[in-house]
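Structure, as structure tokens:
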Amino acid sequence: MLNFLPAPLLGALAFALLLLNILFWVPLLFVFAAIKLVLPFRAVRLALDPIILSIAEGWISCNSGWMRLTQRTVWDVQGIDGLEPHSWYMVSSNHQSWVDIFALQHLLNRRIPLLKFFLKQQLIWVPIMGLAWWALEFPFMRRHSEAFLKKHPEMRGKDQETTRKACAKFSLIPTSVMNFLEGTRFTAAKHAKQQSPYQYLLKPKAGGLALALQAMGDKFQSILDVTIYYPEGVPTFWGFLCGKVHRVVVRVRAIPVPPALLGGDYGQDPEFRAAFSAWVAELWRAKDSQLAALHQADAPSSAANASSTSVRG
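Here's what the structure looks like:
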């Protein structure tokens, strides 16, 4: 364990290990992704997709390796036992930091199939990683505003089509479809601007989840409802690399896919859209209550630490 090092040095070392890991695994991904691009046949895809996923899982395992080497994080986790690595899952989580992605991958790697994230279109231009996400067939979404769509109605439905095409590929081999329902990372400013009815969450955007369930809901073994909580406050990515995330709380709840939410048309059927939105709102209320309970459970220890600090001072 290298967490005895000064925080800036530890952060630089962790970043170097992260970068070396990327430079080792990503070229391997490109080789097989290029073959699929040149030979776009179902038989080729079925042969190469498991190899590509194994490469990605190896990449994540090595990330977990340098995290163990450089971090002293206590993982307080419930609900990940009994998951199936060869099934399909819809995974939904609250979103606060880039650290969320490392936490989810660290805890769920090889417990369930590789997490496939829906990404903003701009992220394809991130050096090296954009091409890696492309090679792993992460869907890139444009997420136009309503004002833009009014001026350019021809763009309406493009993201839905992207989701359908992605889900058609995901249905071929076991996959975990990851969806951050908030659509962006939580901040106090965004929370205030939205006038969110939830204390610890932004308003959920149900459309992506609805489209994924419509496209391949019969494949999903269950929906994994994940709640991530950082007792010391939401970390920055640099703070994480520097070993300043001492405890992460994660709660995972497997929810059966409601039969009533399958087969409906979220975009065209107002009644179905209202029913689906009500179900998501209830899911979000439960998550908000869970986060409130986690905050409250930590409050006595935080107060005790503050009191202790004040006495030592």
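Sequential numbering from 0 applies to the sequence shown in numbering that gives the first Met the number 0.
Ideal Cβ placement from N, Cα and C applies to all residues, glycine included.
Alpha-carbon spacing of residue i relative to residue j, whole angstroms
| i | j | result |
| --- | --- | --- |
| His-190 | Ser-221 | 29 Å |
| Ile-111 | His-105 | 11 Å |
| Asn-2 | Asn-108 | 24 Å |
| Ser-195 | Glu-181 | 11 Å |
| Val-279 | Pro-5 | 44 Å |
| Val-225 | Leu-290 | 11 Å |
| Glu-231 | Phe-239 | 12 Å |
| Trp-132 | Ile-123 | 7 Å |
| Pro-234 | Leu-16 | 20 Å |
| Phe-137 | Gly-129 | 10 Å |
| Asp-80 | Val-248 | 15 Å |
| Met-0 | Glu-160 | 47 Å |
| Ser-63 | Trp-97 | 15 Å |
| Ala-102 | Gly-266 | 33 Å |
| Val-125 | Val-176 | 22 Å |
| Leu-38 | Leu-45 | 12 Å |
| Phe-185 | Gln-95 | 5 Å |
| Cys-166 | Leu-135 | 13 Å |
| Leu-212 | Gly-263 | 9 Å |
| Val-30 | Trp-24 | 11 Å |
Under the three-state DSSP convention, the category residue i falls into
| i | result |
| --- | --- |
| Thr-69 | helix |
| Ile-254 | strand |
| Arg-44 | helix |
| Val-248 | strand |
| Asp-268 | coil |
| Asp-80 | coil |
| Gly-57 | helix |
| Ser-288 | helix |
| Gln-295 | helix |
Residue i - containing beta strand (DSSP E), residue span
| i | result |
| --- | --- |
| Lys-115 | 114-116 |
| Asp-224 | 219-228 |
One or two residues paired with residue i in a DSSP bridge
| i | result |
| --- | --- |
| Met-177 | Val-90 and Phe-116 |
| Asp-75 | Val-248 |
N-terminal and C-terminal residue of the alpha helix (DSSP H) that residue i is part of
| i | result |
| --- | --- |
| Met-215 | 206-215 |
| Ile-21 | 6-37 |
| Ala-259 | Taken as a continuous stretch (DSSP letters only), Ala-259 belongs to no alpha helix (DSSP H), as it is neither H nor E. |
| Phe-236 | 236-240 |
(message) Report the start-end ranges of each beta strand (DSSP E) in the stretch 96-142 that is 3 residues or longer and not cut off at the edges.
(response) 114-116
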